[in-house]
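One structure is given here, and the rest of the page talks about it.
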Amino acid sequence: MTGVVRAFFRLLAVQGAWNYERMTGIGLGYAAQPMLEDLKASDPVRHAEASVRAGEYFNSHPYLAGVALGALVRAEYDRVPGEQIARLRAALCSPLGALGDQLFWAGVVPAAMAIAILGAVAGHPFPVLAAVLVGHNLLRIGTGIWGLRVGLASGIRVAAAMSGSWIPRLVGPAGSAAGLLVGLALPLAGQWLLASSRPLEVAFGLGAMLLGLLSGWRWSARLPTLRLALGMLVLAAVASRVVP
18 MTGVVRAFFR LLAVQGAWNY ERMTGIGLGY AAQPMLEDLK ASDPVRHAEA SVRAGEYFNS
78 HPYLAGVALG ALVRAEYDRV PGEQIARLRA ALCSPLGALG DQLFWAGVVP AAMAIAILGA
138 VAGHPFPVLA AVLVGHNLLR IGTGIWGLRV GLASGIRVAA AMSGSWIPRL VGPAGSAAGL
198 LVGLALPLAG QWLLASSRPL EVAFGLGAML LGLLSGWRWS ARLPTLRLAL GMLVLAAVAS
258 RVVP
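Structure, rendered in structure tokens:
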């Protein structure tokens, strides 16, 4: 099967065409095309049908999308009926989304941010931040390569391959490590910030925090998180010029 390398690099931008109708389906279909080229030569009708199926609705964690991509492409080459492939595609959404969210968004990413904060508190922000960025991206790329290989090797049996893999076993330890590191980093960071802050800066910080909480509670429907965060950043930038 050709085009695996090109498919992997396309997977890195699987959310590039994200929309509410198909979620990451278009990105997954775009990534599938290089691997479907051999099918185009051997069975043009199947290739056309597979291309349509590849771009249908799909929603999972982007780091584990390669698992689904590999399994679905392998199923096409194995001549699995289209209805069964559609069911497999739908069945993979929730498990891959839940595993990815728990492992990365609730485990790896908070732990990495906590390590970066601890590095800043210890007086080595740039080396630690560089190490965190390199480590996170190596894990992300390694997971993507691994997921694509597992999917291609397993095909329609990908659920069994995933359940026996390292991903479910790492979810618990990653979450525990994140909780420990974040719990350690936040009070140390708070102490570090307060030690170098003047009373007026501390008062402004507390006021901004209370304003953010009040805004989120009172106007949450009309004030999305992104707008609130941008507003707080603008307010902080203005205050940095005003506070003596």
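111 is the number that the numbering used here gives to position 94 of the sequence shown; each next residue is one higher, with no gaps. Glycine included, each C-beta is placed from N, C-alpha and C at the ideal position. None of these values were measured; they are calculated from a predicted model.
With fewer than 16 other CB atoms across the displayed protein chains lying within 10 angstroms of its CB, G207 is exposed. Sorting A131, Q119 and P61 by C-alpha distance to the C-alpha of A202 places A131 at the top. Distance from the CA of A147 to the CA of G20, rounded to the nearest whole angstrom, comes to 32 Å. Buried is the label assigned to V125, since at least 16 other Cβ atoms lie within 10 Å of its Cβ.
Q32 is positioned such that its CB atom lies closer than 7 Å to that of T41. Taking one beta carbon from each stretch, the stretch 132-144 and the stretch 50-67 have fewer than 3 pairs nearer than 8 Å; the two do not touch. Here A30 has G44 as same chain residues with Cβ atoms under 7 Å from its own Cβ, once five neighbours each way along the sequence are excluded. By alpha-carbon distance to G181, the top candidate from L109, V167 and L211 is V167. Taking the Cα positions, R39 is about 24 Å away from V22. Distance from the Cα of F121 is smallest, within the candidate group A71, E54 and P79, for P79.
Taking a cut-off of 8 Å on C-beta distances, the stretch 86-93 does not touch the stretch 146-161, as fewer than three cross pairs fall below it. An exposed status is given to G200, since fewer than 16 other beta-carbon atoms sit within 10 Å of its beta-carbon. When the beta-carbon positions are compared, L210 and G83 stay at least 7 Å from each other.
Around V138, the same chain offers L205, A206 and W209 as residues with beta carbons nearer than 7 Å, after the five sequence neighbours per side are excluded.
If you draw a straight line from the Cα of R174 to the Cα of A85, it is about 11 Å long.
Within the same chain, Cβ atoms closer than 6 Å to the Cβ of G46 are found at A71 and G72, the five residues on either side in sequence being excluded. For N154, the three-state secondary structure derived from DSSP is helix. With fewer than 16 other Cβ atoms inside 10 Å of its own Cβ, S59 counts as exposed.
Rounded to the nearest whole angstrom, the CA to CA distance from G172 to V97 is 10 Å.
For M130, the enclosing alpha helix (DSSP H) covers residues V126 to V138. By the neighbour-count criterion, in which a residue is buried when 16 or more other Cβ atoms sit within 10 angstroms of its Cβ, P190 is exposed. DSSP places V22 inside the alpha helix (DSSP H), whose first and last residues are V21 to L28.
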